[in-house]
Amino acid sequence: MAEAIQAHVAEYKKEIVGSLVNLINEYPIIAVVNMENLPAPQLQAMRAQLRSSFKITMTKRRFMNLAIEQTKSKKEGIEKLEVHLGGMPALIFTKENPFKLSKTLQKNKSPAPAKPGQTAPRDIAVSKGPTSFAPGPIIGELALAGIKAGVESGKVAIKEDTVVVKAGEKIKPKVAEILTRLGIQPMEVGLELVAVYERGLIYTKDVLSIDETEYKNRLSNASRWAFNLAVNSAYPTKETISVLIGKANNDAKNLGISQNIFDKGIIELLLGKAQQQMISLKDSANIETFEKKHEIKDENAEDKTEVKKEFQEIMPEEQKSESHEIKAPTKKELEANIKMREKQQEVKEVEKIYHELHKKSAEEHEKKEK
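With the sequence shown counted from 1, adding 85 to any position gets you my numbering.
Right under this line is the structure:
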């Protein structure tokens, strides 16, 4: 029975199916496109532009299904394309990757006016602003399309932004007419990519239509986050090792300074820190150093005694009994001066260690030169 049916099949039909089978077996990438609402001149222009990298074949859906059935034993998963053969299908055969194919088809699309009954690919909006129309019946026609309009400076002006057709809705005849008169071309003319087959996988158009700018931004963010994670977790790589070494050096230096660890790498910083603390203590207590006061007192002790005797001789009798001795430092001043001496001693010790380290470093350098 099958042989009898096969015998009555026209030879040209066999040739069409056989040609499709050969193309399916030859090319690794097979795409389904929808040519519905695509004018013939634009189709011919696109075929000419794509001829170098892509081969477009148009035929009956039944022949496509037959060719797919005959190749599914060699092409794993090719039968999954059958559910995407809707509208006016055509097959594109290429060796380019699916994403490059999608990008090429998108670039070759051109804007076109809306036609009644077409499905809006996205929200179609009319923007607020003046038009070229003179006042007249056009205001009522705009109102029928859901567009508010009025007269401004002798011309019809649209009062507010208005979405006249939402994505997925059919375009009404009056709306299509108004959009054309306003010069708005919301549709795109070109091959509508439906799905692409590659090595057993099917990529639909929503997967292949990617925003390259957003994709690059995501890659950049991912790289930056990975770098920060590696640095914060001290994970050494070729890209992070210099940053990790610098971070470790700074952490070690900060630890040495905070804990007063004597090392030739931070000795100058410790000297500066001790000096700053000493000056801060002196300024907060508002006193001179304790050693200076005693040095002045010891050096001028005899002179002060003579002055005191002369002063008491000329003092009135009622004041001679009063004490005019030089006042001793207060307890607060003594404590402040003790702290000052401690800081000064600390500075001296640090300076001593610094000089020892410097001397040792110089000796080592001299040995190396010899």
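Beta carbons: idealized from backbone N, C-alpha and C, even for Gly.
By the Cβ criterion, the region 98-110 is in contact with the region 140-151, since at least three pairs of Cβ atoms, one from each stretch, lie closer than 8 Å.
Shown here for Gly231: same chain residues with a beta carbon closer than 7 Å to its own, the five before and five after excluded, namely Thr247 and Val249 in chain order. Excluding its 5 nearest sequence neighbours in each direction, Thr325 has C-beta neighbours in its own chain below 6 Å: Ala315 and Val316, listed in chain order. Cβ-Cβ distances below 7 Å link Leu329 to Val316, Ala319 and Pro321 in the same chain, with the five nearest sequence neighbours on each side left out; the list follows chain order.
DSSP, reduced to helix, strand and coil, places Ser294 outside both helices and strands of the structure shown, so it counts as coil. From the listed residues Ala95, Ile364, Gly162 and Arg266, the smallest Cα separation to Pro113 is found for Gly162. Judged by DSSP in its simplified three-state form, Tyr112 adopts coil rather than helix or strand.
Short of 7 Å from the beta carbon of Asn107, and not among the five residues preceding or following it, lies no beta carbon of its own chain. At the C-beta level, Gly172 and Asn119 come within 8 Å of one another.
Counted as a single uninterrupted DSSP element, the stretch harbouring Thr204 is not any beta strand (DSSP E), since DSSP gives it neither H nor E. Nearest to Ser217 by C-alpha distance, out of Leu278, Pro206 and Gly239, is Gly239. Rounded to the nearest whole angstrom, the CA to CA distance from Ser138 to Val274 is 20 Å.
Only buried fits Met363, as 16 or more other CB atoms lie within 10 angstroms of its CB. Separation of Lys233 and Phe312 (C-alpha to C-alpha, rounded to the nearest whole angstrom) is 54 Å. Put simply, the region 209-225 does not touch the region 294-304. Fewer than three CB pairs are less than 8 Å apart. Per DSSP, Thr179 lies in no alpha helix (DSSP H); the unbroken beta strand (DSSP E) holding it starts and ends at Pro174 to Thr179.
When C-alpha distances from Gln430 are compared across Ala125, Lys157, Leu356 and Asn306, the shortest belongs to Leu356. Counting C-beta pairs with one atom in each stretch, the region 182-197 and the region 283-297 have three or more that are closer than 8 Å, which means they touch. Lys140 is not a Cβ neighbour of Ile115, given a cutoff of 8 Å.
The three-state reading of DSSP puts Gly235 in strand, counting E and B together. Pro174 is classed as buried because its beta carbon has at least 16 other beta carbons within 10 Å across all chains shown. The beta carbons of Ala242 and Gly235 sit closer together than 8 Å.
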